[in-house]
Amino acid sequence: VGNLYVNRNTIGAVVGVQPFGGRGLSGTGPKAGGPLILRRLLAAFPLRDGLPGMTGGTTPAIMERWHAWLMGNGYSHIGHRVAEMAKKPLPGAHMTMPGPVGEENVYSFRPRGHVLCVGDVREHLVLLASLALSCGNTAFV
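With the sequence shown counted from 1, adding 216 to any position gets you the working numbering.
In structure tokens:
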């Protein structure tokens, strides 16, 4: 439903408080005004430390088998990255954004469902599939 304001004179979302869009309405990727937007603007953005206040993520069950396949089929360099991703899982993770009294703004990560992975070389496809699976999606290559 996006942003709904009751008895408030607010007409737009507040950057850093209310990520623009809403559940199911704004597609994939970082939300404008959300906690990932600054990282998206950098050439390289580390997610090693995760986001402050992020809780509740679970690693998809398939990741252990996917990691074993990567390690046994010549993709150990990607397998090591997958193991790092599993330490800070995103599916189901959420954080409460700062906001005005009486208002709760929750930033959450949800799987998109089916993800098409397109790459020009096999290694790129394996990496894209790893990212899709780590976020709780089904990867189509």
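Where is the CB? At the ideal position from N, CA and C, for every residue including glycine.
Predicted model, so just to flag it, every value in this text is computed and none were measured.
Which residues DSSP lists as bridging residue i, in chain order
i: valine 322; result: Thr312
i: threonine 354; result: His330
i: threonine 271; result: His310
Close Cβ partners of residue i (< 6 Å) along its chain, the five nearest in sequence each way excluded
i: asparagine 270; result: It should be noted that the sequence gives methionine, not asparagine, for residue 270. Once the five neighbours on either side are set aside, the close Cβ partners of methionine 270 are Ala309, Met311.
i: serine 324; result: His310
i: arginine 326; result: none
8 Å Cβ cutoff met for residue i and residue j
i: leucine 349; j: methionine 287; result: no
i: cysteine 351; j: proline 316; result: no
i: valine 322; j: phenylalanine 356; result: no
Backbone CA spacing between residue i and residue j [nearest angstrom]
i: glycine 290; j: methionine 313; result: 41 Å
i: glycine 329; j: asparagine 353; result: 5 Å
i: histidine 340; j: lysine 303; result: 22 Å
i: leucine 347; j: glutamate 320; result: 30 Å
i: arginine 281; j: valine 298; result: 11 Å
i: threonine 274; j: aspartate 336; result: 31 Å
i: arginine 338; j: glycine 318; result: 50 Å
i: cysteine 333; j: alanine 345; result: 6 Å
i: serine 292; j: alanine 284; result: 9 Å
Beta-carbon proximity list for residue i, same chain, < 7 Å, skipping 5 on both sides
i: glycine 272; result: Gly308, Ala309, His310
i: methionine 301; result: Ser350
i: leucine 343; result: Ile294
Cut-off 8 Å between Cβ atoms - residues of its own chain near residue i, not counting five sequence neighbours on either side
i: alanine 305; result: Note that residue 305 is proline in the sequence shown, not alanine. Result list for proline 305: Gly273, Thr274, Thr275, Pro276, Ser350, in chain order.
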